[in-house]
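Accompanying notes for the structure given below.
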Amino acid sequence: MTAPAEVLALLSTTPLFGGIAPAELEPLLADFRLRRFAAESYIFREGDPGDHMHLVTRGEVKISRTTEAGSEVVFAVLGAGDVFGEIAVLQENATRSADAQALAETECYVLHRHALVAFLVAHPAVMWRLVTVLSDYIRRKDEAYSDLAFNDIPGRVARKLLELAAARGGPAEGEANVTVPLSQRTLAGLVGASRENVNRALSRFASLGLIKLERGRVTVLRPEELRRRGL
């Protein structure tokens with residue numbers, strides 16, 4: 080698949096651009112630029128200029144912030160087909176509100192805010208979809224805060240594993256690879272807990288046969304039982 084065809088195929092699966100006719104998206108392709116990032120390198124840091132939207136085509140990207148106390152809060156782990164950085168580009172001279180770090184060798188196609196804004200002005204339907212994307216972002220943040228307030232650590236770990244599995248097309252037929260890679264530190268940041276407590280929860284789930292632990296990988300074996308644990 081050629082690069083333009085790959086970008087077009089991925090764009091058509093995103094909440095923001097999905098459903099838009101390929102002929103309408105094609106003029107946008109000329110404005111995308113391919114960027115490659117080494118594992119563990121930062122794509123951008125909090126406070127950097129927010130002038131590009133990113134479309135992941137390969138690899139894994141962690142979106143996080145570091146608190147004043149030095150602990151990491153992970154908002155999302157993204158993979159191929161995911162878009163990030165689209166919110167900051169809508170505001171003139173906006174800066175990034177979080178860090179974006181490549182967890183593995185990663186490729187992204189980036190789009191400058193001027194090209195995106197021009198496309199949105201010409202396509203009001205996409206502008207309305209962006210409102211939906213923003214609403215979903217706020218809803219997920221509210222759910223995360225609610226999870227921290229009302230769910231224990233094993234429950235939060237269970238819910239996050241299932242969420243990550245669902246984002247990758249599983250769990251289906253009883254088993255699904257959740258993510259590669261996903262360090263315990265990253266998972267701890269995602270659920271707002273210490274690595275020790277997350278490790279304890281994972282070990283417990285593994286001993287019950289709900290998951291299988293491997294280096295850099297968690298496999299969900301019994302999703303329904305894990306889902307009940309996350310309620």
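Those letters in the sequence shown? Residues 80 to 310, per the working numbering, in order. For every residue, glycine included, the Cβ atom is placed at its ideal position computed from N, Cα and C.
Exercise for the section: Return the chain-ordered list of same chain residues with a C-beta closer than 6 Å to the C-beta of Met132, the five sequence neighbours on each side being excluded. Expected result: Gly164, Glu165, Val168, Leu190, Leu195
Handout entry: Straight-line Cα distance separating Ser273 from Gln170
Key = 35 Å
Exercise for the section: Flag this pair as yes or no: are the beta carbons of Val140 and Thr174 separated by less than 8 Å? Expected result: no
Problem - Sheet register partners of Thr136 (DSSP bridge) - result: Paired residue(s): none; Thr136 is not in a bridge.
Exercise for the section: Look up Phe116 in the DSSP assignment and give the residues it is bridged to. Expected result: Thr185
Handout entry: Nearest neighbour of Glu119, chosen from Ile142, Glu103, Val277 [CA to CA]
Key = Ile142
Practice task
Measure the alpha-carbon distance for Ala246 versus Glu147 and round it to whole angstroms.
Solution key: The C-alpha of Ala246 lies about 30 Å from the C-alpha of Glu147.
Exercise for the section: State yes or no: is the C-beta of Arg308 within less than 8 Å of the C-beta of Pro233? Expected result: Going by beta carbons, Arg308 and Pro233 fall inside the 8 Å limit.
Practice task
Return the bridge partner residues of Leu128 from the DSSP annotation.
Solution key: The sequence shown places Pro at residue 128, rather than the Leu named in the question. In the DSSP output, where bridge partners are listed per residue, Pro128 has Thr174.
Practice task
Look up Leu157 in the DSSP assignment and give the residues it is bridged to.
Solution key: Val140
Exercise for the section: Using DSSP bridges, identify the partner residues of Leu190. Expected result: Met132
Practice task
Following the continuous alpha helix (DSSP H) through Glu165, name the residue where it begins and the one where it ends.
Solution key: Segment: none, Glu165 is in no alpha helix (DSSP H) and carries neither H nor E.
Handout entry: Ala102 classed as buried or exposed, judged by whether at least 16 other C-beta atoms fall within 10 angstroms
Key = exposed
Problem - C-beta atoms of Val135 and Gly158 nearer than 8 Å - result: yes
Practice task
To the nearest angstrom, report how far apart Arg114 and Cys187 are at their CA atoms.
Solution key: Approximately 5 Å between the Cα atoms of the pair.
Practice task
Check the C-beta distance from Phe154 over to Ala177 and give it rounded, since I have them as a contact under 8 Å.
Solution key: Approximately 6 Å separates the beta-carbon atoms of Phe154 and Ala177; this is inside 8 Å, confirming the contact.
Handout entry: Test item: CB-CB of Val236 and Leu281 under 8 Å
Key = yes
Exercise for the section: Classify Val299 as helix, strand or coil using the three-state DSSP reduction. Expected result: strand
Handout entry: Assigned exposure category for Arg218 - 16 Cβ within 10 Å defines buried
Key = Burial call: exposed.
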